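Right, one structure below, let's go through it.
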Amino acid sequence: MAKSKFEYVRDFEADDSCLPNCWIVVRLDGRNFHRFAEQHEFKKPNDERALRLMTKCAQTVMQELEDITIAYGQSDEYSFVFKKKSKWFKRRASKFMTHVVSQFASSYVFYWKDYFKDQQLLYPPGFDGRIVLYPSNQNLKDYLSWRQADCHINNLYNTVFWMLVQRSGLTPVQAQDRLQGTLAGDKNEILFSEFNINYNNEPLMYRKGTVLIWQKVNEVMTKKIKLPKESEEKEVEVTRSRTKVVSLHCDIIGEQFWEEYPEILAEDS
Ligand code: DGT
Ligand code: MG
Ligand code: MG
Ligand code: MG
Ligand code: MG
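Basically full-length UniProt numbering = 1-based index in the sequence shown + 24.
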């Protein structure tokens, strides 16, 4: 077909393909979720519905898009790691980022009512996205460790902060002053001595965030089959092996996780 005289405008499109052989990480984060959480009456410091909805959306992203090997989420953010060797959309950064963020955002609205049964969605939420390339496995592990450490630091702080406000009746400013300059050990001590809470017994999902990986699972299903010599259909159990996205709430900072699931960082990834 003859090209129109307008075709030249294509040449203005910048090449944004990601460097080969690098892990491609897309991280999204809820826009102004401080306000969004207030308006939708999220429980403080952790709203289980909100965290589970985030994870449902991330599972949808992993299933719908290609080449995501692991995802990690906490608070209003999720990180998706694409395989080093991915050729999806010629590794164009804008394609990766926009597909992840739009699939996630539409899922958030679509699945909202399944998680927030008595809370209406009051306005359309937005998410920002960024893309970062990591050339080595160690860099990638350190990136994920950084996000999980962030989860830990914020969750410990928020847990004590809201105890001081909700249980001890401190104002937010007083609680903030009380925690000024405290170390992790001091916060654990306040929780234990003043509220009888052992931080290590708080739910893992809050302390560790959520890891999504692919796992082989055996599914038992009943199938109706018609045997040649019999006139009626018969129900039989069949076992099928499938790869599914599963969620874990475990430590990913230590080596143990990576030794247990070597396929995540496998060389052909
Ligand atoms: P941004 O990301 O710069 O547009 O602004 P924010 O407000 O989203 O700030 P960010 O992402 O640094 O912090 C996440 C906010 O989301 C933080 O204010 C607390 C809120 N949030 C996230 N998860 C929960 C939750 O489970 N419960 C409550 N109450 N708030 C949450
Ligand atoms: Mg922010
Ligand atoms: Mg945010
Ligand atoms: Mg955030
Ligand atoms: Mg198109």
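Idealized CB from N, CA, C, for every residue including glycine.
All of these numbers come straight from a predicted model, not from anything done at the bench.
Distance CB(residue i)-CB(residue j) smaller than 7 angstroms
i: I221; j: L215; result: yes
i: Q239; j: C175; result: no
i: F113; j: K107; result: no
i: D100; j: D53; result: yes
i: M121; j: I94; result: no
i: Q83; j: V260; result: no
Nearest neighbour of residue i, chosen from the options [CA to CA]
i: I48; options: A38, V124, G205 and H64; result: V124
i: I276; options: Y285, F66 and K268; result: Y285
i: Y147; options: W170, K268, W136 and V50; result: W136
i: R266; options: V244, C274, K250 and E254; result: V244
i: N178; options: V270, V241 and A208; result: A208
i: E88; options: S126, Y96 and R51; result: S126
i: E72; options: E283, K141 and F151; result: K141
Cα-Cα separation between residue i and residue j, rounded to whole angstroms
i: E257; j: K247; result: 10 angstroms
i: L203; j: Y230; result: 20 angstroms
i: residue 17; j: Q280; result: The chain is shown only over 25 to 293; residue 17 falls outside these bounds and no answer can be derived.
i: A173; j: N224; result: 15 angstroms
i: residue 18; j: F36; result: Since the first and last residues shown for the chain are 25 and 293, residue 18 lies out of range.
i: L145; j: C42; result: 36 angstroms
i: F60; j: Y139; result: 15 angstroms
i: C274; j: K80; result: 18 angstroms
i: E62; j: P196; result: 15 angstroms
i: residue 318; j: V235; result: The chain is shown only over 25 to 293; residue 318 falls outside these bounds and no answer can be derived.
i: P252; j: N242; result: 28 angstroms
i: P149; j: S103; result: 18 angstroms
i: Y158; j: D166; result: 10 angstroms
i: K67; j: Q190; result: 12 angstroms
Cβ-Cβ separation, residue j to residue i (assumed contact under 8 angstroms), whole Å
i: L180; j: L188; result: Contact flag wrong, Cβ pair sits at about 13 angstroms.
Every unbroken beta strand (DSSP E) inside the region 214-281 [3 residues or more]: 234-250 and 257-272
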